[in-house]
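Undergrad: Structure below; questions to follow.
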């Protein structure tokens with residue numbers, strides 16, 4: 001059974017959730033896989049996106065027998081209303097959506113009039129091409145300009161998202177299907193969260209056969225700090241180093257990722273492993289900018 005905790009917010013909580021998802025390796029394809037979300041009461045943009053991406057991946061192999069979050073009144077602000085606003089139910093597996101619709105008055109949420117928040121929010125969106133990345137970049141720039149950031153800051157943050165998006169589209173394939181999701185949320189206190197998740201094989205599995213390395217952490221370090229690439233004869237591999245350079249030029253920026261078996265925090269001079277666990281598909285990028 002996959003049993004979510006009360007919160008899926010920060011990179012540590014996401015790592016713990018994905019570590020649970022890795023237990024699915026002990027199940028046989030086609031089996032019923034219980035997913036207990038009953039305690040879940042908060043998800044961040046990263047949490048909502050990572051939950052979506054991981055459930056989409058698991059749904060390829062199992063029937064997801066979902067237990068929905070406890071919500072006393074659907075009319076009140078709650079985790080499910082936030083998930084609906086963030087487009088979770090637009091993209092989630094059919095069996096998951098059906099369970100929510102059978103257990104709750106989801107028509108109330110679907111029928112709400114959504115306020116126009118395009119100046120502060122880009123809900124979860126599927127990204128499968130360079131054109132989709134360009135659309136995301138345009139949305140992000142609008143949000144940044146609304147916050148009053150200087151043009152050079154807008155350009156810098158835009159480069160981060162463009163490079164991560166292109167990287168996820170290129171490497172985020174599973175069974176030849178690109179499954180990459182992104183979102184951005186800006187808060188009144190100046191904080192901004194950017195999440196990009198895919199369900200590919202991950203940085204280590206993708207890059208390790210093509211470079212010399214002494215362990216998994218070294219593979220991730222080379223992906224971030226060098227031009228190492230799985231395309232040895234092409235001009236590739238500059239994306240992640242550029243993200244690192246730009247992100248860490250910004251003041252008060254935190255850069256995290258979860259891939260292969262570990263969660264990492266990226267600093268100007270190193271990549272630090274902050275949690276270790278079991279292998280699960282996907283790379284999950286999380287950037288927090290305090291503007």
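In UniProt numbering, the protein residues as written are 1 to 291. Where a beta carbon is used, it is the ideal one built from N, C-alpha and C, also for glycine. Small disclaimer: the values here were computed from a predicted structure and weren't measured.
Following the continuous alpha helix (DSSP H) through residue 89, name the residue where it begins and the one where it ends.
TA: Locating residue 89 in the chain shown gives position 89, counting from the first residue. Run containing residue 89: 88-91, per the alpha helix (DSSP H) assignment.
Undergrad: Does the region 193-202 come close enough to the region 45-53 to have 3 or more Cβ pairs within less than 8 Å?
TA: Verdict: yes, contact present.
Undergrad: When the Cβ atoms of the region 56-74 are set against those of the region 212-221, are three or more pairs found closer than 8 Å?
TA: No, they do not touch.
Undergrad: Could you please give the first and the last residue of the uninterrupted beta strand (DSSP E) stretch that includes residue 258?
TA: Taking the first residue of the chain shown as position 1, residue 258 is located at position 258. From DSSP, the beta strand (DSSP E) with residue 258 extends over 253-259.
Undergrad: Whose C-beta lies closer than 7 Å to the C-beta of residue 208 among residues of the same chain, with five residues either side of it excluded?
TA: Within the chain shown, residue 208 is the residue found at index 208, counting from 1. Excluding positions up to five away in sequence, the list reads 219.
Undergrad: Could you say which of 27, 187, 257 and 70 lies nearest to residue 5 if we only look at CA atoms?
TA: For this step, residue 5 is matched to residue 5 along the chain shown. The residue with the shortest Cα to Cα distance from residue 5 is 70.
Undergrad: Could you tell me the alpha carbon to alpha carbon distance between residue 279 and residue 22, rounded to whole angstroms?
TA: Taking the first residue of the chain shown as 1, we reach residue 279 at position 279. Taking the first residue of the chain shown as 1, we reach residue 22 at position 22. The alpha-carbon atoms of residue 279 and residue 22 are separated by roughly 6 Å.
Undergrad: Go through its chain and collect everything with a Cβ distance to residue 223's Cβ below 6 Å, but skip five positions before and after it.
TA: One-based indexing of the chain shown puts residue 223 at position 223. Cβ neighbours of residue 223 beyond the five flanking positions: 203, 207 and 240.
Undergrad: Which residues share a DSSP beta bridge with residue 264?
TA: To locate residue 264, count along the chain shown from 1; it is residue 264. Note: residue 264 sits in a beta bridge opposite 257 and 273.
Undergrad: Measure the CB-CB distance between residue 283 and residue 200 and report whether it falls below 8 Å.
TA: On the chain shown, position 283 is the one that residue 283 refers to. On the chain shown, position 200 is the one that residue 200 refers to. Contact: yes.
Undergrad: Are the beta-carbon atoms belonging to residue 33 and residue 58 less than 8 Å from one another?
TA: Residue numbering aside, residue 33 sits at position 33 when the chain shown is read from its first letter. Residue numbering aside, residue 58 sits at position 58 when the chain shown is read from its first letter. Closer than 8 Å, so yes.
Undergrad: Going by the CB atoms, is the gap between residue 100 and residue 89 shorter than 8 Å?
TA: Taking the chain shown and counting its residues from 1, one reaches residue 89 at position 89. Taking the chain shown and counting its residues from 1, one reaches residue 100 at position 100. For residue 89 and residue 100, yes; Cβs fall inside 8 Å.
Undergrad: For the beta strand (DSSP E) containing residue 285, name the first residue and the last one.
TA: Taking the chain shown and counting its residues from 1, the one referred to as residue 285 is at position 285. Counting along the chain, the beta strand (DSSP E) containing residue 285 begins and ends at 283-290.
Undergrad: Nearest-angstrom Cα distance between residue 153 and residue 27?
TA: Numbered from its first residue, the chain shown carries residue 153 at position 153. Numbered from its first residue, the chain shown carries residue 27 at position 27. Approximately 47 Å between the Cα atoms of the pair.
Undergrad: Can you tell me whether residue 151 is buried or exposed, with buried defined as 16 or more other CB within 10 angstroms of its CB?
TA: Residue numbering aside, residue 151 sits at position 151 when the chain shown is read from its first letter. Per the 10 Å Cβ criterion, exposed.
Undergrad: In whole angstroms, give me the CA-to-CA distance for residue 237 and residue 290.
TA: Locating residue 237 in the chain shown gives position 237, where the first residue counts as 1. Locating residue 290 in the chain shown gives position 290, where the first residue counts as 1. Annotation note: pLDDT 48 at residue 237 (below 50); position unreliable, coordinate value reported separately. Approximately 28 Å between the Cα atoms of the pair.
Undergrad: Which stretch, first to last residue, makes up the alpha helix (DSSP H) that contains residue 60?
TA: In the chain shown, the residue the question calls residue 60 occupies position 60. Counting along the chain, residue 60 falls outside any alpha helix (DSSP H), and DSSP gives it neither H nor E.
Undergrad: Count the other CB atoms, across all protein chains shown, that sit within 10 Å of the CB of residue 98; report buried if there are 16 or more and exposed otherwise.
TA: In the chain shown, residue 98 corresponds to position 98, counting from 1. Result: exposed.
Undergrad: Would you mind reading off the limits of the beta strand (DSSP E) that contains residue 196?
TA: Stepping through the chain shown from its first residue, residue 196 is reached at position 196. Looking at the DSSP string, the run of the beta strand (DSSP E) that includes residue 196 is 191-198.
Undergrad: With a threshold of 6 Å on Cβ separation, who are the neighbours of residue 307 within its own chain once the five nearest residues in sequence on each side are excluded?
TA: A question about residue 307 goes unanswered here, because the residues of the chain that appear run from 1 up to 291.
Undergrad: Which one or two residues does DSSP pair with residue 127 in a beta bridge?
TA: Here residue 127 refers to the residue found at position 127 of the chain shown. In the DSSP output, where bridge partners are listed per residue, residue 127 has 180.
Undergrad: Spell out a yes or no on whether the region 136-152 and the region 264-278 are touching, meaning 3 or more CB-CB pairs, one atom from each, closer than 8 Å.
TA: Touching, no, given that fewer than three Cβ pairs across the two stretches are closer than 8 Å.
Undergrad: Is it buried or exposed for residue 84, if we count other Cβ within 10 angstroms and need 16 for buried?
TA: As a working note, residue 84 is residue 84 in the chain shown. Residue 84 should be labelled buried.
Undergrad: Do residue 211 and residue 247 have their C-beta atoms within less than 8 Å of each other?
TA: Mapped onto the chain shown, residue 211 falls at position 211. Mapped onto the chain shown, residue 247 falls at position 247. No, these two residues do not count as a Cβ contact at 8 Å.
Undergrad: Over the uninterrupted beta strand (DSSP E) stretch that includes residue 71, give me the two end residues.
TA: Counting from one through the chain shown, the residue named residue 71 turns up at place 71. Looking at the DSSP string, residue 71 is not in any beta strand (DSSP E), and its letter there is neither H nor E.
Undergrad: Among 80, 106, 62 and 87, which has the Cα closest to the Cα of residue 35?
TA: If you number the chain shown from 1, residue 35 lands on position 35. Comparing Cα-Cα distances from residue 35 to each of 80, 106, 62 and 87, the minimum goes to 62.
Undergrad: May I ask you to report which of helix, strand or coil DSSP gives residue 117?
TA: Reading the chain shown from its first residue, position 117 is the one you call residue 117. In the structure shown, residue 117 sits in coil (DSSP, three-state: anything other than H, G, I, E or B).
Undergrad: Need the endpoints of the alpha helix (DSSP H) that residue 149 sits in, please.
TA: Taking the chain shown and counting its residues from 1, one reaches residue 149 at position 149. Premise fails: residue 149 is in no alpha helix (DSSP H) and is neither H nor E.
Undergrad: If you run the structure through DSSP and keep just helix, strand and coil, what is residue 39?
TA: If you number the chain shown from 1, residue 39 lands on position 39. Reduced to three states, the DSSP call for residue 39 is coil.
Undergrad: Going by the CB atoms, is the gap between residue 130 and residue 169 shorter than 8 Å?
TA: Within the chain shown, the letter at position 169 stands for residue 169. Within the chain shown, the letter at position 130 stands for residue 130. Yes; because the gap between Cβ atoms is below 8 Å, this pair is in contact.
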